[in-house]
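Chemist: Structure incoming, see below.
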Amino acid sequence: MPATARTPDLVQRIRRLEADVAALRRAGWERDELPLYPTSLHGLVYEDATSFTTYWETIFTPRTSRLDIGMVFIGDQVSATNTGGGWQILLDGTTVVASGTIAPLFSFVFPTASIDLTPYRASTQLKVQVQARRTSGATTGGKYGTGGTIGGSITYARLL
1209 MPATARTPDL VQRIRRLEAD VAALRRAGWE RDELPLYPTS LHGLVYEDAT SFTTYWETIF
1269 TPRTSRLDIG MVFIGDQVSA TNTGGGWQIL LDGTTVVASG TIAPLFSFVF PTASIDLTPY
1329 RASTQLKVQV QARRTSGATT GGKYGTGGTI GGSITYARLL
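Basically my numbering = 1-based index in the sequence shown + 1208.
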(Lines of atoms letter the chains of each structure in order from A and count residues from 1; the text may use other names and numbers.)
(Lines give C-alpha, C1' and ligand atoms only; values in the text may rest on other atoms or scores of the structure.)
Protein backbone atom coordinates (compact mmCIF):
# COMPACT_ATOMS: atom_id res chain seq x y z
CA MET A 1 0.00 0.00 0.00
CA PRO A 2 1.49 3.45 -0.93
CA ALA A 3 2.47 5.78 1.88
CA THR A 4 0.88 9.19 1.94
CA ALA A 5 2.47 12.30 3.34
CA ARG A 6 0.42 14.10 5.91
CA THR A 7 0.07 17.84 5.67
CA PRO A 8 1.81 19.41 8.67
CA ASP A 9 -0.55 20.96 11.12
CA LEU A 10 -0.55 24.66 11.97
CA VAL A 11 1.62 24.26 15.08
CA GLN A 12 4.36 22.49 13.11
CA ARG A 13 4.24 25.14 10.40
CA ILE A 14 4.56 27.92 12.99
CA ARG A 15 7.55 26.19 14.64
CA ARG A 16 9.27 25.82 11.27
CA LEU A 17 8.57 29.48 10.47
CA GLU A 18 9.92 30.61 13.85
CA ALA A 19 13.08 28.56 13.28
CA ASP A 20 13.55 30.16 9.85
CA VAL A 21 13.08 33.68 11.27
CA ALA A 22 15.56 32.95 14.07
CA ALA A 23 18.12 31.74 11.50
CA LEU A 24 17.66 34.92 9.47
CA ARG A 25 18.15 37.07 12.57
CA ARG A 26 21.38 35.24 13.40
CA ALA A 27 22.63 35.77 9.85
CA GLY A 28 22.35 39.57 10.17
CA TRP A 29 21.81 42.12 7.43
CA GLU A 30 22.86 41.47 3.88
CA ARG A 31 25.38 44.11 2.80
CA ASP A 32 27.11 44.70 -0.49
CA GLU A 33 29.86 47.23 -1.07
CA LEU A 34 29.24 49.46 -4.08
CA PRO A 35 32.42 50.55 -5.87
CA LEU A 36 32.57 54.21 -6.87
CA TYR A 37 35.20 55.35 -9.32
CA PRO A 38 37.12 58.65 -9.28
CA THR A 39 36.68 61.00 -12.21
CA SER A 40 40.21 62.32 -11.77
CA LEU A 41 43.61 60.73 -12.19
CA HIS A 42 44.55 61.69 -8.61
CA GLY A 43 44.19 59.31 -5.66
CA LEU A 44 42.31 61.91 -3.64
CA VAL A 45 40.31 64.06 -5.99
CA TYR A 46 41.04 67.78 -5.71
CA GLU A 47 39.02 70.32 -7.68
CA ASP A 48 38.88 74.10 -7.55
CA ALA A 49 35.71 74.73 -9.58
CA THR A 50 33.03 77.04 -8.20
CA SER A 51 30.30 74.97 -9.87
CA PHE A 52 29.55 71.39 -8.85
CA THR A 53 32.09 68.94 -10.24
CA THR A 54 31.74 65.15 -10.11
CA TYR A 55 34.40 63.57 -7.91
CA TRP A 56 33.18 59.96 -7.79
CA GLU A 57 30.58 58.05 -9.77
CA THR A 58 29.26 54.62 -10.72
CA ILE A 59 26.41 52.99 -12.61
CA PHE A 60 24.64 49.99 -11.08
CA THR A 61 21.35 48.09 -11.04
CA PRO A 62 19.51 48.81 -7.77
CA ARG A 63 18.37 45.59 -6.09
CA THR A 64 18.21 46.83 -2.51
CA SER A 65 16.13 49.50 -0.80
CA ARG A 66 18.90 51.74 0.53
CA LEU A 67 22.37 53.03 -0.28
CA ASP A 68 24.54 54.39 2.54
CA ILE A 69 27.51 56.52 1.51
CA GLY A 70 30.28 57.90 3.72
CA MET A 71 32.55 60.65 2.40
CA VAL A 72 35.50 62.75 3.47
CA PHE A 73 36.19 66.31 2.32
CA ILE A 74 38.84 68.88 3.16
CA GLY A 75 39.28 72.45 2.05
CA ASP A 76 42.54 74.12 1.11
CA GLN A 77 44.47 76.88 2.89
CA VAL A 78 46.02 79.56 0.70
CA SER A 79 47.86 82.48 2.33
CA ALA A 80 46.03 81.90 5.63
CA THR A 81 42.65 81.90 3.84
CA ASN A 82 40.66 78.69 4.28
CA THR A 83 38.55 77.22 1.50
CA GLY A 84 35.01 75.96 2.07
CA GLY A 85 32.36 74.55 -0.19
CA GLY A 86 29.44 72.25 -0.65
CA TRP A 87 28.78 68.66 -1.65
CA GLN A 88 25.84 66.83 -3.19
CA ILE A 89 24.84 63.38 -4.41
CA LEU A 90 22.97 63.06 -7.70
CA LEU A 91 20.96 60.12 -9.01
CA ASP A 92 20.63 59.78 -12.79
CA GLY A 93 22.46 63.08 -13.23
CA THR A 94 19.44 65.19 -12.29
CA THR A 95 17.98 64.40 -8.87
CA VAL A 96 19.83 65.76 -5.82
CA VAL A 97 19.17 63.24 -3.04
CA ALA A 98 21.64 64.52 -0.42
CA SER A 99 23.69 67.68 0.09
CA GLY A 100 25.73 69.52 2.68
CA THR A 101 28.43 72.07 3.33
CA ILE A 102 32.18 71.88 3.75
CA ALA A 103 33.18 74.40 6.39
CA PRO A 104 36.15 76.67 5.63
CA LEU A 105 38.16 75.41 8.60
CA PHE A 106 41.02 73.55 6.84
CA SER A 107 39.98 70.35 8.59
CA PHE A 108 38.35 67.12 7.46
CA VAL A 109 34.58 66.69 7.43
CA PHE A 110 33.01 63.23 7.28
CA PRO A 111 29.45 63.56 5.93
CA THR A 112 27.21 60.54 5.45
CA ALA A 113 24.06 60.00 3.42
CA SER A 114 21.36 57.35 3.45
CA ILE A 115 19.59 57.23 0.09
CA ASP A 116 16.21 55.57 -0.45
CA LEU A 117 16.44 53.46 -3.63
CA THR A 118 12.83 52.25 -3.55
CA PRO A 119 11.67 54.52 -6.42
CA TYR A 120 14.54 53.20 -8.58
CA ARG A 121 14.17 49.44 -7.96
CA ALA A 122 12.64 48.88 -11.42
CA SER A 123 15.55 50.64 -13.17
CA THR A 124 18.13 48.57 -15.01
CA GLN A 125 20.76 51.31 -14.61
CA LEU A 126 21.15 54.01 -12.00
CA LYS A 127 23.98 56.52 -12.05
CA VAL A 128 25.26 57.83 -8.71
CA GLN A 129 27.50 60.91 -8.65
CA VAL A 130 29.23 62.51 -5.67
CA GLN A 131 29.95 66.16 -6.42
CA ALA A 132 31.57 69.10 -4.64
CA ARG A 133 32.34 72.75 -5.30
CA ARG A 134 34.31 75.61 -3.81
CA THR A 135 32.19 78.44 -2.41
CA SER A 136 34.71 80.44 -0.39
CA GLY A 137 38.42 80.98 -0.04
CA ALA A 138 41.27 82.46 -2.02
CA THR A 139 40.79 83.19 -5.72
CA THR A 140 44.48 82.92 -6.65
CA GLY A 141 47.25 80.53 -5.65
CA GLY A 142 46.40 77.08 -4.30
CA LYS A 143 46.97 73.68 -5.87
CA TYR A 144 46.09 74.74 -9.43
CA GLY A 145 46.70 78.49 -9.19
CA THR A 146 43.05 79.52 -9.36
CA GLY A 147 42.34 79.52 -5.63
CA GLY A 148 41.77 76.97 -2.93
CA THR A 149 40.67 73.43 -3.76
CA ILE A 150 38.30 70.93 -2.18
CA GLY A 151 39.66 67.42 -1.68
CA GLY A 152 37.20 64.56 -1.52
CA SER A 153 37.00 60.79 -1.28
CA ILE A 154 34.52 58.00 -0.51
CA THR A 155 35.00 56.14 2.78
CA TYR A 156 32.26 53.55 2.15
CA ALA A 157 29.25 52.86 -0.07
CA ARG A 158 26.98 50.04 1.09
CA LEU A 159 23.81 48.65 -0.42
CA LEU A 160 21.41 47.61 2.32
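Note that beta-carbon positions come from the ideal geometry of N, C-alpha and C, so glycine has one too.
Determine, using beta-carbon pairs with one atom in the segment 1319-1328 and one in the segment 1278-1288, whether at least three such pairs fall under 8 Å.
Modeler: The answer is yes - the segment 1278-1288 touches the segment 1319-1328, with three or more Cβ pairs under 8 Å.
Chemist: Leaving out the 5 sequence neighbours to the left and right, which residues in its chain are closer than 7 Å to Thr-1332 when beta-carbon positions are compared?
Modeler: Within the same chain, Thr-1332 has close Cβ partners Thr-1269.
Chemist: So, helix, strand or coil for Pro-1246, using DSSP?
Modeler: Strand, per DSSP.
Chemist: Count the C-beta pairs between the segment 1286-1299 and the segment 1333-1344 that are closer than 8 Å, then say yes if the count reaches three, no if not.
Modeler: Contact holds: three or more Cβ-Cβ distances are below 8 Å.
Chemist: Is Pro-1243 closer than 8 Å to Thr-1266 when the C-beta atoms are compared?
Modeler: Yes, these two residues count as a Cβ contact at 8 Å.
Chemist: Would you kindly check if the distance between the Cβ of Thr-1272 and the Cβ of Leu-1334 is under 8 Å?
Modeler: Not a contact, by the Cβ cut-off of 8 Å.
Chemist: Could you tell me the alpha carbon to alpha carbon distance between Leu-1325 and Arg-1223, rounded to whole angstroms?
Modeler: Distance between the alpha carbons of Leu-1325 and Arg-1223: 34 Å.
Chemist: Compute the distance between the beta-carbons of Leu-1298 and Gln-1337, then report whether it is under 8 Å.
Modeler: The answer is yes: Cβ separation under 8 Å.
Chemist: Leaving aside the five residues before and after Phe-1316 along the sequence, list all residues of the same chain whose C-beta is less than 8 Å from its C-beta, in chain order.
Modeler: Hits under 8 Å: Val-1280, Phe-1281, Ile-1282.
Chemist: Given a threshold of 16 other Cβ atoms within 10 Å of its Cβ, counted over all protein chains shown, does Asp-1217 qualify as buried or as exposed?
Modeler: The residue is exposed, with fewer than 16 neighbouring Cβ atoms inside 10 Å.
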